[in-house]
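The sequence shown begins at 1115 in our numbering and counts up by one.
All C-beta atoms in this analysis are idealised placements derived from N, C-alpha and C, irrespective of residue type, glycine included.
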Amino acid sequence: MQSSLTEGGKKMSQTQDREITVTRVFDAPRELVWEAWTKQDHLARWWGPKGFSITTREFHAAPGGVWRFIMHGPDGTDYPNKIVFLEMEKPERIVYVASDDNEENTGQFHTTVTFAEEGKRTALTMRLLFPTPEARDFAIKEYGAIEGGRQTLDRLAALLATLS
1115 MQSSLTEGGK
1125 KMSQTQDREI
1135 TVTRVFDAPR
1145 ELVWEAWTKQ
1155 DHLARWWGPK
1165 GFSITTREFH
1175 AAPGGVWRFI
1185 MHGPDGTDYP
1195 NKIVFLEMEK
1205 PERIVYVASD
1215 DNEENTGQFH
1225 TTVTFAEEGK
1235 RTALTMRLLF
1245 PTPEARDFAI
1255 KEYGAIEGGR
1265 QTLDRLAALL
1275 ATLS
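As structure tokens, this is what we get:
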């Protein structure tokens, strides 16, 4: 559970300076959005910003499971990735640690994804928590993390439209 504090009458998270939060409401039922997040063939069709593709090397979507993949950038650059799933509470929540698959770099950020049912729609929230404010700022500046998150969820919306 996230703790908070009050400053000048405003409620603030104690981790706010280390977070990136991206939200989106999808015109798709929660079970379908969950499936798009947990099925390898669906992930291959939407994961990553516009122009990126992925090649999965290992995939086991379960607590303790690992997803290793290469993100291929539009400029031809390859980005190794490793996700270790910590929690999977179908169809409500996925928690994972993401890194660049370098064994010496054990975790670049911790992500919690929640899926809230809104009638026939699904409100998704991704909360990325970095170890330091500097690490968060680096991801924003060097990797375009905020815009990349938006583009990735745009691609998910496009996939969901074909599945509904």
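- Inclusion of residue 1266 and residue 1162 in the CB contact set at 7 angstroms is warranted, their separation being smaller than that value.
- Taking residue 1260 as the centre and dropping the five residues before and after it, the same chain places the C-beta of 1134, 1136, 1254 closer than 8 angstroms to its C-beta, in chain order.
- Counting other Cβ atoms within 10 Å of its Cβ, residue 1277 stays below 16 and is therefore classed as exposed.
- In this structure, the beta-carbon distance from residue 1209 to residue 1198 does not fall below 7 angstroms.
- Separation of residue 1225 and residue 1274 (C-alpha to C-alpha, rounded to the nearest whole angstrom) is 22 angstroms.
- Collapsing the DSSP output to three states places residue 1192 in a strand.
- In the three-state reduction of the DSSP assignment, residue 1181 falls in the strand class.
- In this structure residue 1263 is buried. Its beta-carbon is surrounded by 16 or more other beta-carbon atoms within 10 angstroms.
- Note on geometry: alpha-carbon atoms of residue 1175 and residue 1128 lie some 30 angstroms from one another.
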